[in-house]
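K.L.:
Pasting a structure here, questions to come.
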C-alpha cells in the first residue's frame with residue numbers, strides 16, 4: 070500500500086498458543102479465542118490474499134522465556150515464500166540465531182530490549198535491520214514477559230534508548246486496545262512518528278479498513294492486523310488492491 074510517498078505495510082498477525090492460531094484480548098491468556106488449528110494453512114491464506122510479510126508470535130514462548138512453537142514455525146516457513154517476522158521468547162543470542170537458521174527474516178525482541186541493553190546492542194550490530202524491537206505498553210508504560218509484567222519505564226524513554234543503539238524498526242503495541250476491536254489510537258501513532266526517526270509499526274486495536282487507511286496516512290512503516298482480520302471486520306483483499 071503506497072501512501073503519501075512511503076511504503077506502508079499491512080501485516081497479518083498469526084499468534085500461536087498450543088500449536089493453534091488464537092487471539093488474546095488485551096494480552097490476557099485467560100481470554101484467548103481459537104481461530105484455526107493449522108497455522109501454516111492460515112499463513113498460506115494470507116499470502117494468497119496478497120500479504121508480503123506475516124507477523125508470527127509464539128505466545129507460549131513469550132510466557133516460557135524461550136521459543137516453544139518451533140514445529141509450527143517450520144511448517145509456516147515451508148508453506149509460504151513471503152517474509153516472516155517472529156517474536157515470543159527470544160531471550161538469548163542462541164534463540165535469535167536459531168530462528169534465523171529456520172529461515173525467519175526478522176527477529177522481534179521484547180523483554181531483552183528492556184532488561185539487557187548490551188545484548189540488544191550486540192544483536193542490532195550483528196544483524197542490523199533484521200532485528201525489530203517490540204515495545205508493548207499500557208498507557209505509555211512498558212510491559213514485558215508476554216505482557217504479564219508491568220514496569221514504570223516510560224515507552225518514550227525506551228524508544229530514545231533504542232535510537233541510541235541503532236535500532237531501525239519498532240513495533241509499538243498499545244495493549245489496552247489490542248484484541249478489543251475498539252479502533253487504533255491514531256493520536257498516539259501520530260505522536261510516535263513525530264517523536265523518533267525509527268520506523269514505527271502500529272499494532273493494537275485496528276478494527277476496520279478505515280482505521281488502516283487513517284494509519285497509512287501517517288509516516289509509519291505499517292500496521293499489524295489481528296483480531297479484526299479473523300473476525301472479518303477488515304477486508305485484506307480490498308486493502309491490498
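Numbering (this note's numbering), first residue to last: 70 to 310. Backbone N, C-alpha and C define an ideal beta-carbon position, used for all residues, glycine too. Computed from a predicted structure; not experimentally measured.
1) Under the three-state reduction of DSSP, which class applies to residue 226: helix, strand or coil?
2) Which residues in the same chain have their Cβ closer than 6 Å to the Cβ of residue 152, if we skip the five residues on either side of it in sequence?
3) So, with DSSP's three-state summary, where would you put residue 169?
4) Which same chain residues end up closer than 6 Å to residue 104 when comparing Cβ atoms and leaving out the 5 residues on each side of it in sequence?
5) For residue 95, tell me which candidate among 136, 206, 138 has the shortest Cα-Cα distance.
6) Considering only their Cβ atoms, is the gap separating residue 158 from residue 316 smaller than 9 Å?
7) Take residue 150 as the anchor and find which of 182, 128, 114 has the nearest alpha-carbon.
8) Under the three-state reduction of DSSP, which class applies to residue 301: helix, strand or coil?
9) Alpha carbon to alpha carbon, how far is residue 234 from residue 190? Give it in angstroms, no decimals.
10) CB-CB under 6 Å to residue 80, same chain, minus the five flanking residues each way: which ones, in chain order?
11) Determine the extent of the alpha helix (DSSP H) in which residue 268 is found, giving its start and end residues.
12) Can you tell me where the beta strand (DSSP E) holding residue 240 begins and where it ends?
13) When the Cα atoms are used, what is the spatial distance from residue 239 to residue 278?
14) Pick from 232, 237, 208: whose alpha carbon is nearest that of residue 223?
15) State yes or no: is the C-beta of residue 203 within less than 9 Å of the C-beta of residue 242?
16) At which residues does the alpha helix (DSSP H) containing residue 118 begin and terminate?
17) DSSP beta-bridge partners for residue 247?
18) Less than 8 Å between the CB atoms is what I'm expecting for residue 266 and residue 232, so what's the real figure, rounded?
P.N.:
The answer reads as follows:
1) Looking up residue 226 in the chain shown gives position 157. Here residue 226 sits in helix by DSSP.
2) Here residue 152 refers to the residue found at position 83 of the chain shown. Within the same chain, residue 152 has close Cβ partners 122, 174.
3) Your numbering for residue 169 matches position 100 in the chain shown. Secondary structure of residue 169 (DSSP, three-state): helix.
4) Position 35 of the chain shown, counted from the first residue, corresponds to residue 104. Contacts found: 90, 299.
5) Counting from 1 along the chain shown, the entry for residue 95 is found at position 26. The shortest C-alpha separation from residue 95 is found at 206.
6) Missing from the structure shown is residue 316; the chain here goes from 70 to 310 and no further.
7) Residue 150 sits at position 81 when you count from the first residue of the chain shown. Per the Cα distances, 114.
8) Against the chain shown, residue 301 aligns to sequence position 232. DSSP places residue 301 in coil when its eight states are reduced to three.
9) The residue you call residue 190 lines up with position 121 of the chain shown. The residue you call residue 234 lines up with position 165 of the chain shown. Per the coordinates, the alpha-carbon of residue 190 lies some 6 Å from the alpha-carbon of residue 234.
10) Here residue 80 is taken as the residue at index 11 of the chain shown, counted from 1. Excluding five sequence positions before and after residue 80, the CB atoms of its chain that fall closer than 6 Å to its own CB belong to 122, 124, 291, 293, given in chain order.
11) Start at 1 with the first residue of the chain shown, and residue 268 comes out as number 199. First-last for residue 268: 268 to 272, but that is the beta strand (DSSP E), not the alpha helix (DSSP H).
12) Position 171 of the chain shown, counted from the start, is the residue given in the question as residue 240. Per DSSP, residue 240 belongs to the beta strand (DSSP E) from 238 to 243.
13) For the purposes of this step, residue 239 is taken as residue 170 along the chain shown, with counting starting at 1. For the purposes of this step, residue 278 is taken as residue 209 along the chain shown, with counting starting at 1. If you draw a straight line from the Cα of residue 239 to the Cα of residue 278, it is about 22 Å long.
14) Mapped onto the chain shown, residue 223 falls at position 154. For the residues 232, 237, 208, the minimum Cα distance to residue 223 belongs to 208.
15) Along the chain shown, read from residue 1 onward, the residue named residue 203 stands at position 134. Along the chain shown, read from residue 1 onward, the residue named residue 242 stands at position 173. Between residue 203 and residue 242, the CB-CB gap stays under 9 Å.
16) One-based indexing of the chain shown puts residue 118 at position 49. Its alpha helix (DSSP H) spans residues 108 to 118.
17) Here residue 247 is taken as the residue at index 178 of the chain shown, counted from 1. DSSP output for residue 247 lists no bridge partner at all.
18) Locating residue 266 in the chain shown gives position 197, counting from the first residue. Locating residue 232 in the chain shown gives position 163, counting from the first residue. Right, their Cβ atoms sit about 7 Å apart.
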